[in-house]
Amino acid sequence: MSRFYYIASSYELPLGERGGIFHTFPYSDWITSPEYLANQEKQRADGMVPLTDIVDFSTFADRDVMIYKTQEDAAGIFIQEIPRWAGVLQKHFHHPCIYMISPESGDFNIEADPDQYEDLDAYRASLKCCRELFKLMEEYRGDAEDFELYTCWSGEEDEPRNIKLDRIIDLNTYDVAQQGFEMLEKQYVLVKLPMLHRAIE
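Using the UniProt record's numbering, read the sequence shown as starting at 1 and increasing by one per residue.
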């Protein structure tokens, strides 16, 4: 089973990926770069077989390729429409525009203390996923004061949320790097946005 994350907004949100940072290199330069060679060795040490050991990519030698140099570069969020059967989710939200949202190359759960992580690349990628989530809210808020989040396992969309886990995050005072972020199963989170500063007429 898969855990799904949902976001609800007063306004429509853009679909697709955001946050990833591509780098463009000639393929021949990339496969001889220290980053690439180190990644190949790491894969072998982890018991994996690098794709270039299996597939002949020589036809790409003179072409530019777009790649993520690090896990943090690849990290971001992906927004998609909810399937029709997921209309049952509306009961968990007040806002009308509901989307499925997924972390890319990271997670929406991070500890406040990076020293808890053996893999700092994974920590940085997850931190970026969380920051991109909150950044999305601030960029597409319109005149809204809040967004809503909810998570549950696939097939449990119609089940009641766990109201004991309801949580409010106020972005006026919240710092994801200092306080961490976690979404538990069947948890509803109301995210209050910073006050809009309107010009005095």
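Think of the CB as a built atom: it goes at the ideal place given N, C-alpha and C, for glycine as much as any other residue.
- Rounded to whole angstroms, D56 and K135 show a C-alpha spacing of 40 angstroms.
- Between the alpha carbons of K69 and G20 lies a distance of about 11 angstroms.
- Around R167, the same chain offers Q187, Y188, V189 and L190 as residues with beta carbons nearer than 8 angstroms, after the five sequence neighbours per side are excluded.
- Beta-bridge analysis with DSSP links H23 to I67.
- Of the candidates E156, I67 and E104, I67 places its Cα closest to the Cα of Y27.
- Scanning its chain for C-beta atoms nearer than 6 angstroms, with the 5 sequence neighbours on each side dropped, one finds around T24 the residues D64 and M66, in chain order.
- Judged by beta-carbon spacing, L13 lies within the 7 angstroms limit of I79, meaning their Cβ atoms are closer than that value.
- In the DSSP annotation of this structure, the continuous segment of the beta strand (DSSP E) that includes M100 starts and ends at C97 to E104.
- Each residue's CA atom was taken as its position, placing L149 and Y6 some 6 angstroms apart.
- By the C-beta density criterion, H92 is buried, having at least 16 other C-beta atoms within 10 angstroms.
- The C-alpha of D46 lies about 47 angstroms from the C-alpha of A144.
- Per DSSP, reduced to three states, the secondary structure at E132 is helical.
- Taken in chain order, the complete beta strand (DSSP E) segments of 3 or more residues contained in the stretch 128-172 are 146-153 and 167-170.
- The shortest C-alpha to C-alpha distance from I110 to any of I101, I77 and A125 is the one to A125.
- One Cα belongs to S154, the other to K42, and the distance between them is close to 33 angstroms.
- In terms of Cβ geometry, M100 and F4 form a close pair [threshold 7 angstroms].
- Looking at L184, I163 and M137, the one whose alpha-carbon comes closest to that of S10 is M137.
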